[in-house]
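Chains as they are written, first to last, in numbering that gives the first Met the number 0: chain A, 0 to 230; chain B, 0 to 110. Note that beta-carbon positions come from the ideal geometry of N, C-alpha and C, so glycine has one too.
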Amino acid sequence: MFDIQAYGRWNITDNIWINITDTTISTWIVGAVLIALAIIVRIKMKKFKPVPESRFQNIIEALVEFFDNHVTSIMTKKYAHFGAWFFGIFLFLLLSNISGIFGMRPATADLAVTFPIAFITVILMQVMGIRYNMKKGEYIREFFRPVFIFFPLNVISDLSRSVSLSLRLFGNMFGGLVLMGLVYALFPRVLTIGIPGFLSLYFDLFVGALHAFIFITLSMYFLMMKAPQEE
Amino acid sequence: MFNQEFSAVATTAASVMSGADPVSSIIVASIFAAAIAVLAGMAPSFMQGYTAARAVEAVGRQPEAAGQIRSTMIIGGVLAETGGVYGLLVSMLMIFVNPFVDMYVEAMRAL
Numbered sequence: 000m001f002d003i004q005a006y007g008r009w010n011i012t013d014n015i016w017i018n019i020t021d022t023t024i025s026t027w028i029v030g031a032v033l034i035a036l037a038i039i040v041r042i043k044m045k046k047f048k049p050v051p052e053s054r055f056q057n058i059i060e061a062l063v064e065f066f067d068n069h070v071t072s073i074m075t076k077k078y079a080h081f082g083a084w085f086f087g088i089f090l091f092l093l094l095s096n097i098s099g100i101f102g103m104r105p106a107t108a109d110l111a112v113t114f115p116i117a118f119i120t121v122i123l124m125q126v127m128g129i130r131y132n133m134k135k136g137e138y139i140r141e142f143f144r145p146v147f148i149f150f151p152l153n154v155i156s157d158l159s160r161s162v163s164l165s166l167r168l169f170g171n172m173f174g175g176l177v178l179m180g181l182v183y184a185l186f187p188r189v190l191t192i193g194i195p196g197f198l199s200l201y202f203d204l205f206v207g208a209l210h211a212f213i214f215i216t217l218s219m220y221f222l223m224m225k226a227p228q229e230e
Numbered sequence: 000m001f002n003q004e005f006s007a008v009a010t011t012a013a014s015v016m017s018g019a020d021p022v023s024s025i026i027v028a029s030i031f032a033a034a035i036a037v038l039a040g041m042a043p044s045f046m047q048g049y050t051a052a053r054a055v056e057a058v059g060r061q062p063e064a065a066g067q068i069r070s071t072m073i074i075g076g077v078l079a080e081t082g083g084v085y086g087l088l089v090s091m092l093m094i095f096v097n098p099f100v101d102m103y104v105e106a107m108r109a110l
């Protein structure tokens with residue numbers, strides 16, 4: 000009942016298949032919406048004034064400013080340029096999470112979407128360490144703390160961050176999906192008009208927005224762990 | 000009518016209990032395991048309530064720091080929730096993609 004359906008499959012070689020699934024299609028839709036939004040903002044940006052007058056400019060500026068403040072409060076001004084990546088991921092996760100309202104299967108209710116995004120966080124941690132924490136090899140030395148025997152444990156603790164990040168998001172979105180499906184399957188047809196809307200409000204809007212926010216916040220905290228310690 | 004249904008349920012239960020029908024025994028055991036795994040959500044919910052209570056105390060003591068306390072509370076609560084989500088995932092695994100029935104069928108085919 001809650002499986003991911005495949006609409007088309009192509010065989011590339013023996014064991015490699017390309018699938019067009021629910022997740023793929025909803026990812027395409029979310030991507031198309033985001034690209035359209037970006038193009039609209041870019042076109043309207045020519046008419047933006049120093050003191051905002053239109054409602055549209057106010058909304059966009061409030062969104063960007065809120066996120067900018069959040070990034071600088073966690074990552075300090077020096078690393079604020081990482082915020083560009085996190086803003087994109089935040090918008091993608093937010094739209095994916097609340098796309099359940101519009102009848103799509105949320106793309107984030109699929110481990111194949113959440114795990115790569117979380118794994119990019121792990122790669123970014125290493126980038127942060129190599130780019131900014133390489134004075135006197137501090138980044139390498141971090142792996143051998145407190146004694147050199149702990150090297151495998153430190154590597155595993157780095158890798159396991161991707162697992163915990165992705166499973167948290169996936170579990171919450173999939174749990175909401177299953178609960179909503181059970182409500183629609185259990186109630187008689189008359190009761191499913193309107194009443195599950197409140198459940199949808201919680202599971203799709205509140206949990207979705209909260210967990211998109213939590214995902215990027217935790218990612219930024221993980222990145223800051225690799226930053227050089229201020230003396 | 001009722002007696003018929005009851006006897007059907009009773010015979011099914013008897014065959015499950017005695018292990019005469021291994022596949023349904025496996026499924027019943029998996030459902031019990033799923034129910035037990037969901038109990039893992041108990042402790043995180045309890046402690047999330049505790050987190051919220053302490054946050055209310057902190058806001059009462061220092062109302063000007065309410066914004067920061069709120070965001071810290073939400074992050075702490077969600078971090079605490081991870082264990083419960085793992086329990087939920089295990090129970091989903093048990094119900095929807097149960098590996099043990101396939102394992103049993105494979106073992107029977109190999110015999």
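Counting contacts by CB-CB distance shorter than 7 Å, is Leu88/B in contact with chain A?
Counting from one through the second sequence, the residue named residue 88/B turns up at place 89. Leu88/B belongs to the set of residues whose beta carbon lies under 7 Å from a beta carbon in chain A.
Is there a Cβ of chain A sitting closer than 7 Å to that of Val77/B, yes or no?
For this step, residue 77/B is matched to residue 78 along the second sequence. By this cut-off, Val77/B is an interface position.
Just tell me which of Ile194/A, Ile3/A, Phe114/A has its CA closest to the CA of Arg167/A.
Taking the first sequence and counting its residues from 1, the one referred to as residue 167/A is at position 168. Looking at the Cα atoms, Phe114/A is the closest of the given residues.
Going by the CB atoms, is the gap between Ser25/A and Ala108/A shorter than 7 Å?
If you number the first sequence from 1, residue 108/A lands on position 109. If you number the first sequence from 1, residue 25/A lands on position 26. Their beta carbons are not under 7 Å apart, which means Ala108/A does not touch Ser25/A by this criterion.
According to DSSP, what are the bridge partners of Asn18/A?
Translated into the one-based positions of the first sequence, residue 18/A becomes position 19. For Asn18/A, which the question treats as bridged, DSSP gives the partners Arg8/A.
Among residues of its own chain, excluding the 5 on either side of Phe150/A, which ones have a beta-carbon nearer than 8 Å to its beta-carbon?
Stepping through the first sequence from its first residue, residue 150/A is reached at position 151. Contacts found: Phe142, Phe143.
Simplified DSSP assignment, three categories, for Met102/B
As a first step, residue 102/B is located in the second sequence; it is residue number 103 there, counting from the start. Correct three-state label for Met102/B: helix.
CA-to-CA distance, Ile59/A to Lys43/A, given in whole angstroms:
Looking up residue 43/A in the first sequence gives position 44. Looking up residue 59/A in the first sequence gives position 60. Taking the straight line joining both Cα atoms gives about 11 Å.
Show which residues of chain B have a CB atom less than 7 Å away from the CB atom of Arg167/A.
If you number the first sequence from 1, residue 167/A lands on position 168. Result: Thr81, Val84.
Counting only beta-carbon separations shorter than 7 Å, does Gly170/A have a partner in chain B?
Sequence index remark: in the first sequence, residue 170/A carries index 171 (1-based). True, the Cβ-Cβ gap to chain B drops below 7 Å.
Output the distance between the C-alpha atoms of Val29/A and Gly99/A, rounded to the nearest integer angstrom.
By 1-based counting over the first sequence, the position of residue 29/A is 30. By 1-based counting over the first sequence, the position of residue 99/A is 100. Taking the straight line from one Cα to the other gives about 11 Å.
Tell me, please, whether the CB atom of Ile213/A is closer than 7 Å to any CB atom in chain B?
Looking up residue 213/A in the first sequence gives position 214. By this cut-off, Ile213/A is an interface position.
Starting from the beta carbon of Ser163/A, find every residue of chain B whose beta carbon is closer than 8 Å, and list them in chain order.
Locating residue 163/A in the first sequence gives position 164, counting from the first residue. What Ser163/A touches in chain B: Thr81.
Residues of chain B with CB under 7 Å from Leu216/A, in chain order?
Locating residue 216/A in the first sequence gives position 217, where the first residue counts as 1. It is Thr, not Leu, that sits at residue 216/A in the sequence shown. Here the neighbours are Ile74.
Would you mind working out which of Leu152/A, Ala35/A, Val121/A sits nearest Leu217/A, comparing C-alpha positions?
Residue numbering aside, residue 217/A sits at position 218 when the first sequence is read from its first letter. Checked all of Leu152/A, Ala35/A, Val121/A; the closest Cα to Leu217/A is Val121/A.
Please list the segments of the beta strand (DSSP E) lying wholly inside the region 134 to 185 of chain A, counting only runs of 3 or more residues, in order along the chain.
The beta strand (DSSP E) runs of length 3 or more contained entirely in the region 134 to 185 of chain A do not exist; there are none.
Along chain A, in chain order, which residues have C-beta atoms closer than 9 Å to that of Phe95/B?
Numbered from its first residue, the second sequence carries residue 95/B at position 96. Chain A residues near Phe95/B: Met0, Phe1, Asp2, Val177.
So what does DSSP say about Gly75/B, is it helix, strand or coil?
Against the second sequence, residue 75/B aligns to sequence position 76. Here Gly75/B sits in helix by DSSP.
Leaving aside the five residues before and after Met224/A along the sequence, list all residues of the same chain whose C-beta is less than 8 Å from its C-beta, in chain order.
For the purposes of this step, residue 224/A is identified with residue 225 of the first sequence, where counting begins at 1. So the qualifying residues of the chain are Met124.
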